[in-house]
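*Asks:* Take 18 as the starting number for the sequence shown in this note's numbering and just add one per residue.
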Amino acid sequence: MTTDLYERDTHAWARDQAEALRRLAAHRPELTAELDLPHLAMEIEDMGKSLARELVSRLAIPLAHLAKWHWQPGERSRSWLTTIGHQRDEIAALLEDNPSLRPNLDDAMAKAWSRARRQAARETGIALTVFPTACPFTLDDVLADAWLPDTTAGS
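1) Counting beta carbon pairs with one atom in the region 126-138 and one in the region 64-79, are three or more of them shorter than 8 Å?
2) Please go through the same chain and pick out, in chain order, the residues whose beta-carbon is closer than 8 Å to the beta-carbon of T49, but skip the five residues on each side of it.
3) Enumerate in chain order the residues of its own chain whose CB-to-CB distance from T100 is below 6 Å, with the five nearest sequence positions on each side excluded.
4) Identify whether Q136 lies in helix, strand or coil by the three-state DSSP scheme.
5) Report the rounded CA-to-CA distance for D26 versus L165, giving the unit in angstroms.
6) Where A163 and E24 are concerned, what is the direct C-alpha to C-alpha distance, given to the nearest angstrom?
7) Please work out which residues of its chain come closer than 8 Å, Cβ to Cβ, to L145, disregarding the five sequence neighbours upstream and downstream, and give them in chain order.
8) What is the DSSP secondary structure of G65, reduced to helix, strand or coil?
9) Can you tell me the Cα-Cα spacing of L38 and D123, whole angstroms?
10) Ignore the nearest five residues each way along the sequence and tell me which others in W30's own chain have a CB closer than 6 Å to its CB.
11) For A58, does the count of other Cβ atoms within 10 angstroms reach 16, so buried, or fall short, so exposed?
12) For L118 and L98, I'd like the C-alpha separation in whole angstroms.
13) How far does the alpha helix (DSSP H) with V147 in it reach, from first residue to last?
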């Protein structure tokens with residue numbers, strides 16, 4: 018059963034295994050003489066958390082490029098499109114391999130946008146205040162294969 022979950026959703030498996038190790042440590046304290054169950058639980062839980070951090074990091078990359086595409090139309094490049102497409106593919110694969118990350122997508126998008134707007138401001142020289150604090154793009158748009166922000170928009 019746990020092997021099946023591991024194959025279907027590593028993020029959920031890590032969360033479940035960490036909880037099982039904590040229960041085992043609580044109910045069988047004699048095992049902690051041989052196994053460091055609390056720290057094993059933390060390490061496995063961190064494995065799952067790293068997948069959630071990867072999602073935020075991967076979302077921030079196309080968001081920054083989409084922001085640059087929108088607010089700096091004169092600088093658009095094929096490399097931006099390539100990066101956006103590559104990250105969309107990687108995000109899709111990450112979500113396919115870890116469907117338990119989906120309920121956290123709104124939070125991941127908010128965190129990713131916070132990073133992306135700072136990155137876009139640094140890379141473009143455009144004031145950070147030009148980029149809205151709330152993400153102007155929907156998750157569906159960000160993940161859609163061919164979607165780009167309005168090409169008539171600028172600053």
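Ideal placement from N, C-alpha and C gives every residue a C-beta, glycine not left out.
Just so it is clear, the structure is predicted and the values come from calculations on it, not from any experiment.
*Replies:* Taking the structure as given:
1) yes
2) A42, P55
3) H82
4) helix
5) 30 Å
6) 30 Å
7) R134, R135, A138
8) helix
9) 29 Å
10) L22, Y23
11) buried
12) 25 Å
13) Here V147 belongs to no alpha helix (DSSP H), and DSSP marks it neither H nor E.
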